[in-house]
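Enquirer: Numbering of the sequence shown is given in the numbering used here, commencing with residue 106 and proceeding in unit increments.
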Amino acid sequence: MKLLCLSNGHGEDIIAVRILQELQQLAPTVEISALPIVGEGRAYCQIDIPLAGETKTMPSGGFIYMDNQQLVRDIQGGLVGLTLSQIRVVRQWGQSGGQILAVGDIVPLLFGWLSGAPYAFVGTAKSEYYVRDEVGFLPHRPLGDRLARSLGSIYWPWERWMMTHPRCKAVIPRDRITAQCLKHWQIPVFDLGNPMMDGLEPGGSYHVPTQVEDSSQGQSPFSLLLLPGSRPPEAYANWELILQGMPNLMATFRNLPLQFLGAIAPGLDPDPLVKTLLNQGWKSSSTPLLAADPTALCFTQKNATLVLTQQAYNDCLHQADLAIAMAGTATEQFVGLGKPALIIPGQGPQFTPAFAEAQTRLLGPSVILVEQPTQIARAIQLLLENPDRLQLIAENGPRRMGKPGAAHRIAACLLENLLRSM
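1. Within this structure, are the beta carbons of L442 and L427 separated by less than 8 angstroms?
2. Looking at the secondary structure, which residues open and close the beta strand (DSSP E) in which Y260 lies?
3. Does the region 216-225 come within contact of the region 119-133, defined as at least 3 CB pairs closer than 8 angstroms?
4. Hey, would you say A463 sits closer than 8 angstroms to I473, going by beta carbons?
5. Just to confirm before moving on: does the CB-CB distance between S72 and A368 stay below 8 angstroms?
6. Just checking, does the region 400-416 make contact with the region 286-298 on the three C-beta pairs under 8 angstroms criterion?
7. For a test of the three-state rule: what should DSSP assign to G199, helix, strand or coil?
8. Note down the Cα distance separating S232 from T283, rounded to an integer number of angstroms.
9. Residues in the same chain with beta-carbon distance under 7 angstroms from Q486, minus the five sequence neighbours each way, listed in chain order, please.
10. Just to confirm the assignment: which complete beta strand (DSSP E) runs, minimum length 3, are found wholly within the region 278-306?
11. Return the CA-CA distance between C150 and L140, expressed in angstroms with no decimal places.
12. Can you confirm whether the region 292-308 touches the region 493-501 when touching is taken to mean that 3 or more C-beta pairs between the two stretches lie within less than 8 angstroms?
13. What residue ranges within the region 414-448 form continuous beta strand (DSSP E) runs of no fewer than 3 residues, ordered along the chain?
14. How many Å lie between A132 and E476 at the Cα?
15. My understanding is that V208 touches A340, with C-beta atoms under 8 angstroms, so please give their C-beta distance in whole angstroms.
16. Have a look at P470, L329 and L215 and flag the residue whose alpha-carbon is nearest the alpha-carbon of R196.
17. Tell me the rounded alpha-carbon separation between S190 and S112.
18. Give the secondary structure of Q364 by DSSP, where H, G and I count as helix, E and B as strand, and everything else as coil.
19. Once the 5 residues before and after P377 are set aside, which same chain residues still bring their CB inside 6 angstroms of it?
20. Is the Cβ-Cβ distance between R272 and Y224 less than 8 angstroms?
21. By how many angstroms is the C-alpha of A253 removed from the C-alpha of W261?
22. Can you give me the C-alpha to C-alpha distance between A435 and N522, rounded to a whole angstrom?
23. For H513, collect the residues of the same chain with a Cβ closer than 6 angstroms to its Cβ; drop the 5 residues on either side in sequence, then sort them by chain order.
24. Nearest-angstrom Cα distance between A461 and N343?
25. Excluding sequence positions up to five away, which residues of its chain have a Cβ less than 7 angstroms from the Cβ of L468?
26. Is L382 near F327, with beta carbons less than 8 angstroms apart?
27. Around the C-beta of F242, are 16 or more other C-beta atoms found within 10 angstroms, so that it is buried, or is it exposed?
28. Using 10 angstroms around the beta-carbon of W263, count the other beta-carbons present and answer buried if the total reaches 16, otherwise exposed.
29. Round the Cβ separation of L332 and F365 to the nearest angstrom and send it over; I've been treating them as touching at under 8 angstroms.
This is the structure we're talking about:
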């Protein structure tokens, strides 16, 4: 049996890899290859899954749907030729008797259909939460979402048609509410959870000390996770924006030790981040850190300690009480743990005002949108004064993001419904 995995973005690559790792455990004889439609597919290379065709990083980073200018740049960068080459690969794969796993949005789903092979679709980009929640439809939403409401699903009719095609053997949406909606059509829907919540277990030994604990009568620090995103140069601009909210935070909570955890993507250069910190009055510190990341950098200012780490993401997720975020997947994972996140719209290409607004719908009461960094402190104050809201957030996140173990459940579903369908 042969399986070609299609995905269209860094986050989708990671989700696909988690599923494929579980599939390798369940069926080690399956021959697996991958074709990342967006980016270079480094996540696949890390687990030695071969790439089946040409890959290339486009100027937009995969966010052409947010900015028409990005689409123009991608076309100038060779998007058309790359797409045609990739379509040839999937058609050849289908002609050779292989099967397709499409992870992401309509693009890999379309490629799966064009392949002529049996295919399964893991839908990571769309959710009914964009237009409704468990109570009913959301009011006053963008035109496209209002059209989706009138058509009965966040998935357009042509997308649903590809899901109902006889060669489509399984459709796994990202959440239960979307799965329940798709069951109104003749679609092989499986409600198996979201692989985003897999692999987030903490190392267990990570603790960031703070230099102000002793002067605060043993009071535990209030821990905030800083998530600027993963793509340069946008992440560097987001980092500067997030740090603009720190002076108000330190003044508002001056009697409380603050602990900022900068969970920085491994692909980012820490030097621009450090430069911004030093320019804003942070002092480098030699405070020792524990084993989770011996390379982490520590800084202090007034009643706050700030740590930059590129190796202890999971530990930071679990240790933090709240996140200040300008990220996609990372924000969703943090919220999925039942914790609140404050988000700030940026300049993009990913975390634009439109993206931030859409994220408030996707994640509901777990995220709080603030227009300016200077509003962060007051927003946190109001949140901490509202225990009912905190309880709602604790329940909402896990419900929207699902329980861990989805990758294993999806792999078992693929084995049963796609790979044994021939």
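Where a beta carbon is used, it is the ideal one built from N, C-alpha and C, also for glycine.
Expert: Working from what's here:
1. Sequence index remark: in the sequence shown, residue 442 carries index 337 (1-based). Sequence index remark: in the sequence shown, residue 427 carries index 322 (1-based). Taking the C-beta atoms as reference points, L427 is found no nearer than 8 angstroms to L442.
2. The count along the sequence shown starts at 1 and reaches residue 260 at position 155. Y260 -> no beta strand (DSSP E), and no H or E assigned at all.
3. No contact exists between the region 216-225 and the region 119-133.
4. On the sequence shown, residue 463 is found 358 positions in, with the first residue counted as 1. On the sequence shown, residue 473 is found 368 positions in, with the first residue counted as 1. In terms of Cβ geometry, A463 and I473 do not form a close pair [threshold 8 angstroms].
5. The requested residue 72 is not part of the displayed model; the chain covers only 106 to 527.
6. The answer is no - the region 286-298 does not touch the region 400-416, with fewer than three Cβ pairs under 8 angstroms.
7. Mapped onto the sequence shown, residue 199 falls at position 94. Helix.
8. If you number the sequence shown from 1, residue 232 lands on position 127. If you number the sequence shown from 1, residue 283 lands on position 178. Each residue's Cα considered, the two are about 6 angstroms apart.
9. The residue given as residue 486 occupies position 381 in the sequence shown. Closer than 7 angstroms at the Cβ level, and outside the excluded window around Q486, lie T357.
10. none
11. Within the sequence shown, numbered from 1, the residue matching residue 150 stands at position 45. Within the sequence shown, numbered from 1, the residue matching residue 140 stands at position 35. Each residue's alpha carbon lies about 11 angstroms from the other.
12. no
13. Unbroken beta strand (DSSP E) runs of no fewer than 3 residues, entirely contained in the region 414-448, are found at 427-430 and 446-448, following chain order.
14. On the sequence shown, residue 132 is found 27 positions in, with the first residue counted as 1. On the sequence shown, residue 476 is found 371 positions in, with the first residue counted as 1. Spanning the two alpha carbons is a distance of roughly 49 angstroms.
15. Residue mapping note: residue 208 aligns to position 103 of the sequence shown, counting from 1. Residue mapping note: residue 340 aligns to position 235 of the sequence shown, counting from 1. Incorrect: roughly 23 angstroms between the Cβ atoms, too far for contact.
16. Indexing the sequence shown from 1 puts residue 196 at position 91. For R196, the nearest C-alpha among the options comes from L215.
17. Position 85 of the sequence shown holds residue 190. Position 7 of the sequence shown holds residue 112. If I take the Cα positions, the gap works out to 15 angstroms.
18. Residue numbering aside, residue 364 sits at position 259 when the sequence shown is read from its first letter. Strand.
19. For this step, residue 377 is matched to residue 272 along the sequence shown. For P377, where only same-chain residues beyond five positions count, the Cβ hits under 6 angstroms are Y341.
20. Position 167 of the sequence shown, counting from 1, holds the residue named residue 272. Position 119 of the sequence shown, counting from 1, holds the residue named residue 224. Yes, Cβ-Cβ distance for R272 and Y224 is below 8 angstroms.
21. Residue numbering aside, residue 261 sits at position 156 when the sequence shown is read from its first letter. Residue numbering aside, residue 253 sits at position 148 when the sequence shown is read from its first letter. The alpha-carbon atoms of W261 and A253 are separated by roughly 7 angstroms.
22. If you number the sequence shown from 1, residue 435 lands on position 330. If you number the sequence shown from 1, residue 522 lands on position 417. Linking A435 to N522 through their CA atoms gives a straight-line distance of about 31 angstroms.
23. As a working mapping, residue 513 is identified with position 408 in the sequence shown. Result list for H513: E127, in chain order.
24. What you label residue 461 is simply residue 356 of the sequence shown in a count that begins at 1. What you label residue 343 is simply residue 238 of the sequence shown in a count that begins at 1. Roughly 13 angstroms separates the two Cα atoms.
25. Along the sequence shown, one-based indexing puts residue 468 at 363. Hits under 7 angstroms: E437, V440 and R505.
26. Position 277 of the sequence shown, counted from the start, is the residue given in the question as residue 382. Position 222 of the sequence shown, counted from the start, is the residue given in the question as residue 327. No; because the gap between Cβ atoms is not below 8 angstroms, this pair is not in contact.
27. By 1-based counting over the sequence shown, the position of residue 242 is 137. Here F242 is exposed. Its C-beta has fewer than 16 other C-beta atoms within 10 Å.
28. Within the sequence shown, the letter at position 158 stands for residue 263. Exposed is the call here.
29. Numbered from 1 along the sequence shown, position 227 holds the residue referred to as residue 332. Numbered from 1 along the sequence shown, position 260 holds the residue referred to as residue 365. Contact doesn't hold; Cβ gap of about 11 angstroms is too wide.
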